[in-house]
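Next up, the structure:
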């Protein structure tokens, strides 16, 4: 059973590693505003997140089976707590190594996603500003009801023509 858990953790590491590479590639594409290449990359990213969700489900199933077999193991235990229950030294070392690698991969993916999120928000703000410029939107120098900005739009059409 421990070998199955090791295989699932290896699969999770592989998937998170792929997500990490995709996040770095996405960063490059966002900086260069290459939307044509970004769309297929997002589809690949989505497939990896689906694979991660499936692997996580298998990991939980395996832990539940192990918990029914081992009296000192509960399915809600953290991985660091599980290591004390593993009697096989090779399995224990492999699990600890994989857990450490997985922690690093997840942290790197989360960090890259935060950076990419900042880029996306900046790009959206730039697009909104440009659309407002084209549409003739103007923020008045005074506040309106409830302290909100008053935005006026100039008419770009000749309705009396």
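Numbering (our numbering), first residue to last: 15 to 175. Note that beta-carbon positions come from the ideal geometry of N, C-alpha and C, so glycine has one too. Remember, it's a predicted structure, so these values are computed and weren't measured experimentally.
Straight-line Cα distance separating residue 128 from residue 55: 17 Å
Close-in-space but distant-in-sequence residues of the same chain around residue 99 (CB under 7 Å, 5 per side omitted): 84, 86, 87
Going by Cα to Cα distance, which pick from 118, 76, 145 is closest to residue 33? Ranked by how close their Cα comes to the Cα of residue 33, the residues 118, 76, 145 have 118 in first place.
Indicate whether residue 40 and residue 102 have their beta-carbon atoms separated by less than 8 Å. no
Buried/exposed call for residue 138, threshold 16 Cβ in 10 Å: exposed
What residues in its chain sit with their C-beta under 7 Å from that of residue 122, if we drop five residues either side in the sequence? 34
Hey, could you find the ends of the alpha helix (DSSP H) residue 83 is sitting in? 49-83
Where does residue 42 sit, in a helix, a strand or coil, going by DSSP? helix
Among 15, 70, 19, 27, which has the Cα closest to the Cα of residue 115? 27
Classify residue 22: buried if its beta carbon has 16 or more other beta carbons within 10 angstroms, exposed otherwise. buried
Given a threshold of 16 other Cβ atoms within 10 Å of its Cβ, counted over all protein chains shown, does residue 37 qualify as buried or as exposed? The residue in question, residue 37, is buried, as its Cβ has 16 or more Cβ neighbours within 10 Å.
Beta-carbon proximity of residue 51 to residue 43, cut-off 8 Å: yes
Is residue 67 buried or exposed, if buried means 16 or more other CB atoms sit within 10 Å of its CB? exposed
Along the alpha helix (DSSP H) that carries residue 93, what are the first and last residues, could you check? 93-96
Sort 59, 73, 53 by Cα distance to residue 25 and report the nearest one. 73
Return helix, strand or coil for residue 27, following the three-state DSSP convention. helix
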